[in-house]
Amino acid sequence: MRRKRSLIQIYLVSMIALAAVPVAINGAIWIATEYDSFTEQSENLRKTFVESRTELLKREVSKAIDYVDYKKSQLNHRLYQELRQEVAVALALVANLHRETAATDSRSAMLARVKTTLEPLRFHDQKGFFFALQGDGNALLAPLHPSSRDRLRRSAVLSNFTEQVHTALRDKTYGMLEYRFNEANLAAQRNISFVYYFKPLDLYIGASVYLADEIERIKSEVIDRLAAVPFDVDSSILFVTDLKGKQLVNPYNPAMVGKLQPGMAAVAEVLQTASDNGELVESEWVRADGARRSPAVSYVQLEEDWGWLVGAGFFLDEYYALMEAERDALEARVLRHTLFISSIALALMLVATLVARRLATLNAQGFNRFQDFFAQASERSTQIDVRELPFAEFEELAKHANFMVDTRSQTERALKLSERRFQLALDASQSHLWDMDIEHDTIAVGEGFYRQLGYPVPPESIPMQRFGSIFHPDDFGAMRRVIASEEVLEVGLSIEFRVRDNSGIYRWILSRGDIVDTTAEGKPLRAMGIMSDITERKRMEDELITARIAAEDANHAKSQFLSSASHELRTPLNGVLGYVQLLQRQKNLPKESQGYLDAIENCGQHLLNLINDVLDLAKVESGTFKASMHTTNLRDVLAGVADILRQRAQAKNLGYEHKVSSRVPDLVRTDEVKLRQILVNLLGNAVKFTESGRVWLEVDFDPEERALLFSVVDTGIGIPEDKAKAIFEPFSRVNEHDGKGTGLGLAICRRLCEAMGGKLSVASEMGKGTTFRFDIPLGEADAIPHDRRRSSTAKLPEEKPRAEISGLNVLIADDNTDNRMVLAGMLESVADKVVQVANGVEALEAMEAEPADLVLMDYRMPEMDGLVCTSKIKQNPAWKDTVVIMVTASAGLDTKSQAFEVGCDAYLSKPVQIDELLDVIADYVGKQDKQDMRAELSSHEPAQSNGGKSAMNQDESAYEGKPLPKEDRQSLLDLLALGDIAAMNEFCETRENGEYGSYVLHAQSLLQNFDFQGLKKLLREDDD
8 MRRKRSLIQI YLVSMIALAA VPVAINGAIW IATEYDSFTE QSENLRKTFV
58 ESRTELLKRE VSKAIDYVDY KKSQLNHRLY QELRQEVAVA LALVANLHRE
108 TAATDSRSAM LARVKTTLEP LRFHDQKGFF FALQGDGNAL LAPLHPSSRD
158 RLRRSAVLSN FTEQVHTALR DKTYGMLEYR FNEANLAAQR NISFVYYFKP
208 LDLYIGASVY LADEIERIKS EVIDRLAAVP FDVDSSILFV TDLKGKQLVN
258 PYNPAMVGKL QPGMAAVAEV LQTASDNGEL VESEWVRADG ARRSPAVSYV
308 QLEEDWGWLV GAGFFLDEYY ALMEAERDAL EARVLRHTLF ISSIALALML
358 VATLVARRLA TLNAQGFNRF QDFFAQASER STQIDVRELP FAEFEELAKH
408 ANFMVDTRSQ TERALKLSER RFQLALDASQ SHLWDMDIEH DTIAVGEGFY
458 RQLGYPVPPE SIPMQRFGSI FHPDDFGAMR RVIASEEVLE VGLSIEFRVR
508 DNSGIYRWIL SRGDIVDTTA EGKPLRAMGI MSDITERKRM EDELITARIA
558 AEDANHAKSQ FLSSASHELR TPLNGVLGYV QLLQRQKNLP KESQGYLDAI
608 ENCGQHLLNL INDVLDLAKV ESGTFKASMH TTNLRDVLAG VADILRQRAQ
658 AKNLGYEHKV SSRVPDLVRT DEVKLRQILV NLLGNAVKFT ESGRVWLEVD
708 FDPEERALLF SVVDTGIGIP EDKAKAIFEP FSRVNEHDGK GTGLGLAICR
758 RLCEAMGGKL SVASEMGKGT TFRFDIPLGE ADAIPHDRRR SSTAKLPEEK
808 PRAEISGLNV LIADDNTDNR MVLAGMLESV ADKVVQVANG VEALEAMEAE
858 PADLVLMDYR MPEMDGLVCT SKIKQNPAWK DTVVIMVTAS AGLDTKSQAF
908 EVGCDAYLSK PVQIDELLDV IADYVGKQDK QDMRAELSSH EPAQSNGGKS
958 AMNQDESAYE GKPLPKEDRQ SLLDLLALGD IAAMNEFCET RENGEYGSYV
1008 LHAQSLLQNF DFQGLKKLLR EDDD
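Going by the working numbering, the residue at position 259 of the sequence shown is 266; the numbering climbs one at a time, nothing skipped.
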């Protein structure tokens, strides 16, 4: 190792250099100025030279890119037009064949002619082809295979393709479709087809191409077009390469097409990672003679979709020739001035040498003392005696040196203590420190990490690849990507991964840290952080996820079971109650038999109520039971409830009354059905468990809380204090042995109150009675005082008698024989002919044989269910006047909406009441006087799923304010015709606030109740 110079030598050299510095500096400044001037001049000239052409290059490249984008954007439209034209040609050929041979040839012969005609036809450079599929699913002329170009044989691919064509054209005669062919050892191929259904031959005729073929054809067109662009060697030459640099377009030197252009692969890598997809690059181009290369400047832009580099460039020969002449002149001037400056510097250095020797001797003593001090301070704590120093200037330096040594000693002691505390904290939390050298790809992890996994402790740092050997195969690459991501500098490192311990078990590790060192360009060099074992936490998370999935599966299974159980119970119950109704209508029945029938009917109704209660409870618990708010007359609701309960109370010799405060508004926005259900249930329980005394209902209004207050009071037996809370639980009763009730009524009432925003509570005293209280919150605009009613004396029109109907031709479709017999018996008075079938296929055959005026359709049937059969009936123009009524025992939440979506005119739930059935028939069915009958019965409301009245025939006060504009109502009618309930809800939500709010809320209420006929009438009535 070369010996370093002493301080005295440095003084000497410094003085010598000091003498030469002014001269050297002046000379260097002059030379630097000359070179800077030359550099600036050359840079400006180059900048001007390049900039004058760069904009032209960018415009040329932009035009080329725009042309490529245009060709890509026109691909789908062009395919649609060209395939449609090709199908039109094929259809013309097939139609001509059909006209010429229809009278003489059989269908199979005509199909053979069609196949012979279409099979050899090709288009789009022999890549496009025709196919023909029969309506029964068989392929008359199969599509071409994407690789072999042979016709597809019978296979899963052909079957899937045929099924997709039939599905796409189920409701129309032509259409565009895309199919993805997937086969083993073959990349997926996208097929684009235009298909037309030729009804005379029940044939789907299509023109088809593979998208990859079409894209290659477009690329070839683009390359030919760009190669034909004129160029100027001194201004711009357009070129195109792929990402590897293979030249696709080179009009200047066509011989280079297909060869690699040097440097383009590196440019492609830069553009693929850069935010800007354009780059100005300098490279060497082969001249047209092929014998030499010349520097050139190019502007290159990345076309990502096709993997092209599109650029334009020009040669720099003129610029480099000019710069070479200027550089030769500069070097001559610099040489002359360097010789002059050197001679002056030599003389000054000789004088400086003599002065430097004298000064070095004077300062040697002081520096030697400092040298001794620092030598001792490296071994122990020491001090400098300032009295030994020769100059006053050294005293201040000595004080700082003494302070530095003392501070260093204190810092070393504190650092050792802090390191010990930090290590103890890491060990206690089972965390381990790690230090990663990103530049050299190594990592050092605390010894506790390896001991915890059962591995021997490695050296201080190990290569990352070796450290990754204990990682799970799926996790090491993920950690690498996190470290290499751009976000790591902003958000730090935080990743969970798995490592394998010495016994082969994978453990979860959470690693958190941050970048602690970067380059000047911001590239990470070093990261530090801690690792923690989170295996136990992961295990608990997995157990929670498993438990949640199991709970969801159990809830879904419960809903499925309730729906199936309801259907299976309602089906036989429909037969029982149906036969009872038929027997009750017979004359001269013995009184005793009539009593038996009444008892059977009461038992059946009790079982039906139990089924409905169980389903209501299931809906509430599943969250699908929502309040349907609309404006209603509260006093009318209370009067209707009073009429029902007063009769029950009088049957037990009980007093009944209801007290309504004057503060209670007449009209309120609430869910009338749920409110009536709560009141009837609570008051019914009060009558049921009260043997003497009275029952009464109190209603008040709290203007501060904006809430209706209800109290149901009785003088019955009361509820024990220990059971007051349990009575609101499902299937819970005060007395389990008295046989009264199912234990569901109060549970449903409480959940209905909560669904409407209220709360139900109870207060009771044994032997004196019970009081149930609940409140219904109202919004600011939900309570309408008496003076705001538009028609305070308006009453519902009196019901007109049912129109006389007879002579109907009825079709009953139901897979249960008893149900068919019951319905046939109920229709004896109105039907001349009743045809019974067991499934949808037989129903369609019966309609073909003799169309019916009325079809009673079951929901669930073998072979073809009621929804599919109804859809086919409604799609046939010959049966457009046939009325279809869905009569089902299914109780699914979407059963009713599905029935109306496929075109059912009405909906009835089993068990069917004969009066409800006849009312529905009177509303919807008639022969010659059908329109007159509807006019006569216009005051009646169409029956719904529960046989009740539609919300449309309520008083005009069903909504306040203005109806929606005509164009908005027409939009809703269009969505209603499509059956798009979700879109109708979204449309209404955008108009809930404002002057149309009341009208929109009323329409939403009808939609939530699936009253599609009422909604249609609401949307059309304001046009009259």
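No residue lacks a Cβ here, since even glycine has one placed at the ideal position from N, Cα and C.
Since the model is a prediction, treat every value here as computed from it, not as a measurement.
- For I225 against L82, the beta-carbon gap comes to about 6 Å, under 8 Å, which counts as contact.
- Look at the beta carbons and you see the region 47-65 touching the region 321-334: at least three pairs across the two are nearer than 8 Å.
- By the CB criterion at 8 Å, N846 and M868 fall inside the cutoff.
- Annotation for V932: I812, L815, D860, L861, V890 place their beta carbon closer than 7 Å to its own, counting only its chain and skipping 5 residues before and after.
- Classified as exposed, G700 has fewer than 16 neighbouring CB atoms from the shown chains inside 10 Å of its CB.
- R114 places its beta carbon less than 8 Å from that of L208.
- Distance from M871 to L818 at the Cβ level is roughly 14 Å; contact not present, criterion being Cβ atoms closer than 8 Å.
- Checking the DSSP bridge columns, you'll see W292 partnered with S301.
- Annotation for L125: A97, F137, A139, L148 place their beta carbon closer than 7 Å to its own, counting only its chain and skipping 5 residues before and after.
- Excluding five sequence positions before and after N688, the CB atoms of its chain that fall closer than 6 Å to its own CB belong to G752, C756, given in chain order.
- Approximately 14 Å separates the beta-carbon atoms of P150 and N189; this is outside 8 Å, ruling out the contact.
- Put simply, the backbone Cα of P672 is about 23 Å away from that of L652.
- Bounds of the beta strand (DSSP E) holding Q254 are 254-256.
- For G213, the three-state secondary structure derived from DSSP is strand.
- Using a Cβ distance threshold of 8 Å, L245 and A71 count as a contacting pair.
- About 4 Å separates the CB atoms of T449 and S468; that is less than 8 Å, so the two are in contact.
- Taking a contact to require three or more Cβ pairs closer than 8 Å, the region 370-384 and the region 349-356 do not qualify as touching.
- Burial of N692 is indicated by the presence of at least 16 other C-beta atoms within 10 angstroms of its C-beta.
- In the pairwise beta carbon analysis, the region 672-687 is classified as touching the region 638-645: at least three pairs are separated by under 8 Å.
- In the DSSP assignment, Q196 forms a beta bridge with F188.
- DSSP places Y931 in the uninterrupted alpha helix (DSSP H) bounded by 921-931.
- In the same chain as T345, and ignoring 5 residues on each side of it, the C-beta atoms closer than 8 Å to its own belong to G34, I38, in chain order.
- Here the C-alpha atom of S501 lies approximately 15 Å from the C-alpha atom of V523.
- Nearest neighbour of R976 by Cα position, chosen from L1025, E1002, D926, turns out to be L1025.
- Judged by their CB atoms, I516 and I490 are not nearer to each other than the 8 Å cut-off.
- C-alpha of D43 to C-alpha of L337: approximately 11 Å in a straight line.
- When K973, L982, F401 are compared, the shortest CA-CA separation from Y1003 is found for K973.
- Ranked by how close their Cα comes to the Cα of T180, the residues Y186, V172, R187 have V172 in first place.
- DSSP, reduced to helix, strand and coil, places T449 within a strand of the structure shown.
- A straight-line Cα-Cα distance of about 24 Å links R758 and S916.
- Assignment of R343 by DSSP, reduced to helix, strand and coil, places it in the helix class.
- For the 8 Å CB-CB criterion, V101 and I222 do not form a contact.
- Annotation for A109: M117, P207 place their beta carbon closer than 8 Å to its own, counting only its chain and skipping 5 residues before and after.
- In the DSSP assignment, M864 falls within the beta strand (DSSP E) that extends over 861-864.
- Setting aside the 5 residues that flank it on each side, P531 is surrounded in the same chain by I445, I490, V495, L496, I522, D524, T525, each with a C-beta closer than 8 Å to its C-beta; the list follows chain order.
- Closest in alpha carbon position to V702, among V719, D709, E403, is V719.
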